[in-house]
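Visitor: Let me give you the structure first, and then I'll get to my questions.
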Amino acid sequence: MRDQAGKINDYLNFALEKKEGKKKHYFIRRLYRLFKNLTSVLFEKTISRALTYRIDDIETIERIAELQMKEANYSMPYIEIDELFKSRESFIEGRFSEDVDLAIYKEKEEENNE
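In structure tokens:
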């Protein structure tokens with residue numbers, strides 16, 4: 612993440628100086644997950660705003676990212692699904708698996724109604 616942009620490096624230096632131990636590792640993992648889930652431009656804008664206002668709470672950073680998406684009318688990219696997966700051997704084998712026995716739930720429902 613540090614190599615992505617100078618602002619991100621500055622933010623990490625700011626945010627991690629106060630955290631120690633498990634909190635530090637938890638923060639890094641959550642921030643990295645956010646980094647992977649957002650586009651690089653959106654992540655950089657989010658971190659830039661967090662650095663400007665000196666925010667080091669991960670939940671607040673996630674809300675900033677949501678706000679950035681709403682303000683920019685961000686739309687999720689369309690993902691194309693390869694329809695040929697239905698002709699794969701593993702799909703064909705798995706589609707004829709045994710049906711799940713849901714009778715136990717019907718019995719519990721009848722017991723609750725009595």
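Using the numbering used here, the first residue of the sequence shown is number 612, and each one after it goes up by one.
All C-beta atoms in this analysis are idealised placements derived from N, C-alpha and C, irrespective of residue type, glycine included.
(1) For L653, which of Y689, E721, I675 has the nearest alpha-carbon?
(2) Suppose contacts are defined by Cβ-Cβ distances below 8 Å. Is L642 in contact with I669 by that definition?
(3) Indicate whether I619 and I658 have their beta-carbon atoms separated by less than 8 Å.
(4) Using a threshold of 8 Å, state whether the C-beta atoms of L645 and I672 are closer than that.
(5) Excluding five sequence neighbours on each side, which residues of the same chain lie with their C-beta closer than 8 Å to the C-beta of M680?
(6) With a floor of 4 residues, list each alpha helix (DSSP H) that falls wholly inside the stretch 644-687, ordered by position along the chain.
Guide: Straight from the coordinates:
(1) Start at 1 with the first residue of the sequence shown, and residue 653 comes out as number 42. Residue I675 is the option with its Cα nearest to L653.
(2) Indexing the sequence shown from 1 puts residue 642 at position 31. Indexing the sequence shown from 1 puts residue 669 at position 58. Yes, the pair counts as a contact, with Cβ atoms nearer than the cut-off.
(3) For the purposes of this step, residue 619 is taken as the residue at position 8 of the sequence shown. For the purposes of this step, residue 658 is taken as the residue at position 47 of the sequence shown. Yes, the pair counts as a contact, with Cβ atoms nearer than the cut-off.
(4) To locate residue 645, count along the sequence shown from 1; it is residue 34. To locate residue 672, count along the sequence shown from 1; it is residue 61. Yes, these two residues count as a Cβ contact at 8 Å.
(5) To locate residue 680, count along the sequence shown from 1; it is residue 69. Closer than 8 Å at Cβ, skipping near neighbours: L653.
(6) 651-663, 669-682
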